[in-house]
Ligand code: SF4
Ligand code: SF4
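In this note's numbering, the protein residues as written are 54 to 434.
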């Protein structure tokens with residue numbers, strides 16, 4: 054494994070990190086398999102943004118006394134309200150979930166304390182103009198977090214956060230498709246899937262600025278959405294003429310300025326080994342240049358199953374339903390039985406959507422959720 058220093062924090066992260074979101078709502082055995090594989094590969098940074106107690110307990114149990122071998126990237130304000138994932142800046146609620154994380158991991162500190170999901174002006178004000186920021190600074194002062202970070206999907210907002218001078222680490226959504234969507238491309242067209250190669254003008258200048266800003270200030274970046282939720286790997290969803298490989302996606306992220314670690318969400322041992330296998334690839338196998346030179350569309354408007362649109366007032370698990378829809382859309386005449394069964398077992402179905410629009414307002418990736426719910430109804434119900 055290779056390690057890169059996390060800015061000026063004195064900590065170093067493995068260039069391949071583990072995103073643990075795919076361990077959510079899975080049995081303990083899955084967490085054990087993935088965590089064991091990650092530690093065998095000397096992966097030393099785990100992102101744990103999920104607020105649910107069962108998944109936190111599974112990860113902590115799978116660590117089996119090895120907590121000191123990993124840097125935990127925990128999040129302040131990621132909460133599980135009304136049985137759905139949500140975010141809050143309410144300090145009392147943040148404290149409850151943060152203390153819970155410490156208790157479950159049987160630890161006195163979280164290495165990287167992330168101010169959770171700051172994409173909009175409202176998010177920014179909720180974080181920096183309320184007692185939320187005082188709470189986070191106090192956590193650092195008390196040694197309950199070793200470094201303060203923030204997560205964002207919005208390059209302009211992320212740059213603003215960096216410019217406050219408060220954070221030492223940024224978690225940012227980085228992949229070639231997100232970086233290369235022309236900054237003046239019409240988002241409505243993107244949502245309608247109407248963009249073609251002419252909208253790829255090279256790097257989005259906001260993103261270029263952000264990467265350079267972080268590098269010049271010594272702010273480290275850990276990446277999320279590195280594989281575009283797997284969509285960059287598939288011919289059907291890749292916005293390029295060819296899909297990228299896992300190694301190419303990782304290499305793309307690791308060659309952005311300031312990036313220290315790519316956090317790859319895994320749900321099997323094989324996925325962990327494939328990600329760590331990046332280290333054994335030849336320069337030729339890592340080279341993504343040929344692929345990203347041939348864009349044909351955009352990832353904007355495509356769901357990356359991140360759950361940031363929750364809570365849904367109707368209780369719909371939007372990411373899960375959309376994932377099933379995407380599988381079904383690959384071949385609508387031969388929808389796998391397993392996918393149908395999983396849909397039938399869903400607690401709340403797409404037909405319960407009231408078109409309130411709250412999810413679309415919160416989605417950082419301009420996904421047309423309501424339209425997707427209609428499509429899911431017609432294919433599954
Ligand atoms: S609709 Fe948007 S916010 Fe919701 S899971 Fe998909 S990409 Fe994430
Ligand atoms: S538009 Fe539908 S899916 Fe989205 S939050 Fe409202 S009810 Fe839920």
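Beta carbons: idealized from backbone N, C-alpha and C, even for Gly.
Because the structure is a prediction, the values reported are computed rather than measured.
Going by DSSP, residue 56 is part of the beta strand (DSSP E) stretching over 56-58. Beta-carbon to beta-carbon, residue 407 and residue 306 are separated by about 38 Å, too far to satisfy the 8 Å threshold.
Look at residue 123 here: in three-state DSSP terms it is coil, with no helix or strand label. Relative to residue 295, the option among 339, 280, 343 whose CA is nearest is 343. Under the criterion of beta carbons closer than 8 Å, residue 319 and residue 87 qualify as touching, at roughly 5 Å.
Here residue 167 is near residue 203, since their CB atoms are less than 8 Å apart. Annotated three-state conformation of residue 320 is coil, per DSSP.
Here residue 301 is buried, its C-beta having at least 16 other C-beta atoms within 10 Å. Taking the Cβ of residue 101 as the reference point, every heavy atom of ligand 1 lies at 7 Å or farther away. Per DSSP, residue 211 is one residue of the alpha helix (DSSP H) stretching across 208-216. A distance of 8 Å or more separates the beta carbons of residue 328 and residue 345.
Taking residue 157 as the centre and dropping the five residues before and after it, the same chain places the C-beta of 109, 110, 113 closer than 6 Å to its C-beta, in chain order. Segment contact: the region 356-368 against the region 391-411, three or more CB-CB distances shorter than 8 Å; contact assigned. Taking C-alpha positions only, residue 199 is separated from residue 187 by approximately 16 Å. If you check the C-beta of residue 377 against ligand 2, you find no heavy atom less than 7 Å away. Of all alpha-carbon atoms in 136, 323, 428, the one lying nearest the alpha-carbon of residue 90 is that of 323.
Secondary structure at residue 269: helix, using DSSP grouped into helix, strand and coil. Here residue 183 carries a coil assignment [DSSP, helix/strand/coil]. By the beta-carbon neighbour count (other beta carbons within 10 angstroms, threshold 16), residue 337 is exposed.
Taken through DSSP and simplified to helix, strand or coil, residue 102 comes out as coil.
Cβ-Cβ distances below 6 Å link residue 389 to nothing in the same chain once the five nearest sequence neighbours on each side are left out.
In this structure, DSSP gives residue 426 a helical state, which the three-state scheme calls helix. Shown here, residue 336 sits in a helix according to DSSP, grouped into three states. Burial check for residue 269: the Cβ neighbour count within 10 Å stays below 16, so the residue is exposed. For the 8 Å CB-CB criterion, residue 293 and residue 284 do not form a contact. Taken through DSSP and simplified to helix, strand or coil, residue 137 comes out as strand. Residue 210 and residue 139 have their alpha carbons spaced roughly 20 Å apart. Under the DSSP definition of a beta bridge, residue 225 partners with 205, 276. Under the DSSP assignment, residue 65 falls in the beta strand (DSSP E) whose first and last residues are 65-67. Close CB contacts of residue 286 within its chain, under the 8 Å cut and outside five residues either way in sequence, are with 280, 296, 297, 298, 299, 302 (chain order). Out of 75, 165, 54, the CA that lies nearest to the CA of residue 317 is found in 75. Where residue 163 is concerned, the enclosing beta strand (DSSP E) starts and stops at 163-168.
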